[in-house]
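One structure below.
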Amino acid sequence: MEAQPRLRRRPEQKKRPRGGMRLLRAPLVFTGFSPLIENGGVLLGDDGRIASVGAAKDLLKDAPGAPVEDFPDSILLPPLVNCHAHLELAALPKIRDDVDFTGWLGEVVAEKKRASPADFERGIKEGIELCRVGGQGVIADVASATGVEKSYGKSGARVVFTPELICLDPSGAAKAVENALGRKAGGNASWGGVFAHAPYTVCEEAYLECAKALRREGLLFTHAAESPEEVEYCLTGKGAIPERLFGNSPVNPPPSPGLHPIDWLDKIGVLGNRTVLVHCVQLGKGHVNLIAARRARVVLCPRSNKNLGVGSAPALELLRARVNIGLGTDSILSAGDLDLWKEVTAAVDDYGFSPEDALFAGTSWGARVLGLEGESGSLSPGRRAAILVRKLGEGKDRWERIFSSSGENCFYVN
Ligand SMILES: [Zn+2]
47 MEAQPRLRRR
57 PEQKKRPRGG
67 MRLLRAPLVF
77 TGFSPLIENG
87 GVLLGDDGRI
97 ASVGAAKDLL
107 KDAPGAPVED
117 FPDSILLPPL
127 VNCHAHLELA
137 ALPKIRDDVD
147 FTGWLGEVVA
157 EKKRASPADF
167 ERGIKEGIEL
177 CRVGGQGVIA
187 DVASATGVEK
197 SYGKSGARVV
207 FTPELICLDP
217 SGAAKAVENA
227 LGRKAGGNAS
237 WGGVFAHAPY
247 TVCEEAYLEC
257 AKALRREGLL
267 FTHAAESPEE
277 VEYCLTGKGA
287 IPERLFGNSP
297 VNPPPSPGLH
307 PIDWLDKIGV
317 LGNRTVLVHC
327 VQLGKGHVNL
337 IAARRARVVL
347 CPRSNKNLGV
357 GSAPALELLR
367 ARVNIGLGTD
377 SILSAGDLDL
387 WKEVTAAVDD
397 YGFSPEDALF
407 AGTSWGARVL
417 GLEGESGSLS
427 PGRRAAILVR
437 KLGEGKDRWE
447 RIFSSSGENC
457 FYVN
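Adding 46 to a residue's 1-based position in the sequence shown gives its number in the working numbering.
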């Protein structure tokens with residue numbers, strides 16, 4: 047695993063006057079809801095909330111005499127929103143590189159069986175810390191190991207907890223969903239809904255129970271259309287998933303629906319605006335429009351998909367169809383680390399997103415996917431949000447300087 051930077055304290059802990067407004071000023075400010083601001087600032091009220099954002103000179107006119115805190119060669123932006131992580135896996139041994147998707151998944155399952163509760167607990171704690179030092183304010187976490195949700199702490203990034211549901215047997219669907227819903231997160235984590243693992247590990251009855259239970263509150267997350275093997279199984283009931291993933295197992299996957307996973311989720315009525323589809327790499331003709339028409343939300347994990355060799359999501363098509371998109375790291379065992387900034391960069395390099403859209407996806411759009419648009423992902427007036435400061439790197443224009451910025455110089459101010 048590549049070492050991630052430690053979060054530094056603010057370089058200058060100046061004593062600030064009690065009360066009154068103060069202006070944070072930087073060459074670049076990204077609000078999460080407007081175009082990039084040059085020579086911008088964030089005006090903080092005496093209650094610590096954001097009073098306004100904009101050009102620094104205009105803000106100073108609004109608050110003449112306000113003390114100014116300068117962040118030279120830096121960008122101010124909202125903390126990043128990681129829409130998909132498996133924190134509990136952060137302390138497990140690295141999976142070797144020479145395996146395909148099914149081989150990788152089999153190894154993860156084996157490592158999870160070998161791991162102790164203390165390993166998962168350590169993974170949660172280390173994972174949150176890695177996310178926090180990488181500038182993430184929100185992490186949507188999938189928790190599968192029993193009781194691991196008690197390990198979320200009270201400090202650091204906000205965790206959106208989603209218990210993982212795996213249910214192969216239709217007769218156990220109601221109980222499995224009840225058990226998932228009964229899990230309570232510790233620390234300052236909030237409950238985000240249920241994570242139904244995937245169409246090859248969750249039967250129709252369990253998806254339906256989930257959708258019913260979550261129709262008013264919470265979101266139904268699921269990995270969907272991630273690998274060619276998943277699509278092959280859903281379409282034909284054959285391939286590496288039944289033969290190798292379940293090959294030596296005493297249990298069988300749920301019956302193959304004979305449909306592409308997206309078509310199947312739609313047919314059974316769970317492809318709706320409370321559904322969050324994670325991955326969406328293997329989309330066929332018409333799927334982008336179907337996802338858009340159902341107003342389902344999508345989380346893209348470009349580096350995980352690349353590392354597992356499953357392909358690249360049709361992200362620009364999803365964007366053009368106005369699908370609500372966020373970015374996720376997925377697990378450290380697939381992405382190699384938990385650095386969401388690298389997903390933002392990959393959205394530009396691999397998907398062809400504009401730099402601005404990639405930053406939106408990593409902040410305010412991600413918050414919207416998680417239903418947190420009123421609380422996170424933007425420097426909106428009225429919020430008591432922490433503000434992320436990243437030191438700009440080298441480059442011939444402002445976007446190159448932003449994208450070459452170093453996580454080593456990333457810290458929060460508020
Ligand atoms: Zn995942």
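Using N, Cα and C, we set each Cβ at its ideal position, and we do this for glycine too.
Keep in mind that this is a model prediction, so the values were computed, not measured.
Checklist line | Three-state secondary structure (DSSP) of phenylalanine 406 | finding: For the purposes of this step, residue 406 is taken as the residue at position 360 of the sequence shown. In the three-state scheme derived from DSSP, where H, G and I count as helix and E and B as strand, phenylalanine 406 is classed as helix.
Notebook entry, point to check: Can you find a heavy atom of ligand 1 that lies under 8 Å from the Cβ of valine 240?
Noted result: On the sequence shown, residue 240 is found 194 positions in, with the first residue counted as 1. No, the Cβ of valine 240 stays beyond 8 Å of every heavy atom of ligand 1.
Checklist line | tryptophan 445 (DSSP reduced to helix, strand or coil) | finding: The count along the sequence shown starts at 1 and reaches residue 445 at position 399. Helix, per DSSP.
Notebook entry, point to check: Are leucine 323 and alanine 407 close, meaning C-beta to C-beta below 9 Å?
Noted result: Your numbering for residue 323 matches position 277 in the sequence shown. Your numbering for residue 407 matches position 361 in the sequence shown. Cβ distance not < 9 Å, so leucine 323 and alanine 407 don't count as in contact.
Next item on the list: Grab me the residues of glycine 66's own chain with a C-beta within less than 6 Å of its C-beta, minus the 5 sequence neighbours each way, in chain order.
Entry: Against the sequence shown, residue 66 aligns to sequence position 20. Listed in chain order, the non-local C-beta contacts of glycine 66 below 6 Å within the same chain comprise Asp92, local neighbours out to five positions each way being set aside.
Check: Excluding five sequence neighbours on each side, which residues of the same chain lie with their C-beta closer than 6 Å to the C-beta of valine 316?
Finding: Here residue 316 corresponds to residue number 270 of the sequence shown, with the count starting at 1. Tyr253, Ala257, listed in sequence order.
Note to self: Give the list of continuous alpha helix (DSSP H) stretches no shorter than 4 residues that lie fully inside the segment 157-241.
What the structure shows: The segment 157-241 contains these whole alpha helix (DSSP H) runs: 163-179, 219-227.
Next item on the list: Could you please give the first and the last residue of the uninterrupted alpha helix (DSSP H) stretch that includes cysteine 347?
Entry: On the sequence shown, position 301 is the one that residue 347 refers to. Counted as a single uninterrupted DSSP element, the stretch harbouring cysteine 347 is not any alpha helix (DSSP H), since DSSP gives it neither H nor E.
Notebook entry, point to check: If glycine 398 sits next to leucine 364, beta carbons under 8 Å apart, how far is it from one beta carbon to the other, in whole angstroms?
Noted result: Indexing the sequence shown from 1 puts residue 398 at position 352. Indexing the sequence shown from 1 puts residue 364 at position 318. Their Cβ separation, rounded to whole angstroms, is 12 Å, which puts glycine 398 and leucine 364 out of contact at 8 Å.
Check: Just curious, the beta strand (DSSP E) that arginine 95 is in, first and last residue?
Finding: Within the sequence shown, the letter at position 49 stands for residue 95. No beta strand (DSSP E) holds arginine 95; DSSP gives it neither H nor E.
Next item on the list: Check whether the Cβ of valine 188 lies closer than 8 Å to any heavy atom of ligand 1, and answer yes or no.
Entry: Here residue 188 corresponds to residue number 142 of the sequence shown, with the count starting at 1. For ligand 1, at least one heavy atom lies less than 8 Å from the Cβ of valine 188.
Margin query: Using CA atoms only, rank isn't needed, just tell me which of Pro300, Gly293, Gly202 is closest to asparagine 234.
Written below: Locating residue 234 in the sequence shown gives position 188, counting from the first residue. Closest option to asparagine 234, Cα to Cα, is Gly202.
Check: Any heavy atom of ligand 1 closer than 8 Å to the CB of histidine 333?
Finding: Position 287 of the sequence shown, counted from the first residue, corresponds to residue 333. No, since every heavy atom of ligand 1 falls outside the 8 Å radius drawn around the Cβ of histidine 333.
Margin query: To test your reading of the DSSP string, which unbroken alpha helix (DSSP H) runs of 4 or more residues are found completely within the segment 247-295?
Written below: Correct list: 250-259, 274-282.
Next item on the list: Could you tell me the boundaries of the alpha helix (DSSP H) in which histidine 333 lies?
Entry: Here the question's residue 333 lines up with position 287 in the sequence shown. From DSSP, the alpha helix (DSSP H) with histidine 333 extends over 333-340.
Next item on the list: Taking all protein chains shown into account, decide if glycine 86 is buried (16 or more other Cβ within 10 angstroms of its Cβ) or exposed.
Entry: Start at 1 with the first residue of the sequence shown, and residue 86 comes out as number 40. Under the 10 Å beta carbon count, glycine 86 is surrounded by 16 or more other beta carbons and is classified as buried.
Note to self: If you reduce the DSSP assignment to three classes, tell me which class alanine 102 lands in.
What the structure shows: Position 56 of the sequence shown, counted from the start, is the residue given in the question as residue 102. The three-state reading of DSSP puts alanine 102 in helix, counting H, G and I together.
Check: Is proline 113 buried or exposed, if buried means 16 or more other CB atoms sit within 10 Å of its CB?
Finding: Your numbering for residue 113 matches position 67 in the sequence shown. Of the other Cβ atoms in all chains shown, fewer than 16 fall within 10 Å of the Cβ of proline 113; this residue is therefore exposed.
Item checked: For arginine 349 and alanine 393, the rounded distance between their alpha carbons -> The sequence position of residue 393 within the sequence shown is 347, counting from 1. The sequence position of residue 349 within the sequence shown is 303, counting from 1. Distance between the alpha carbons of alanine 393 and arginine 349: 9 Å.
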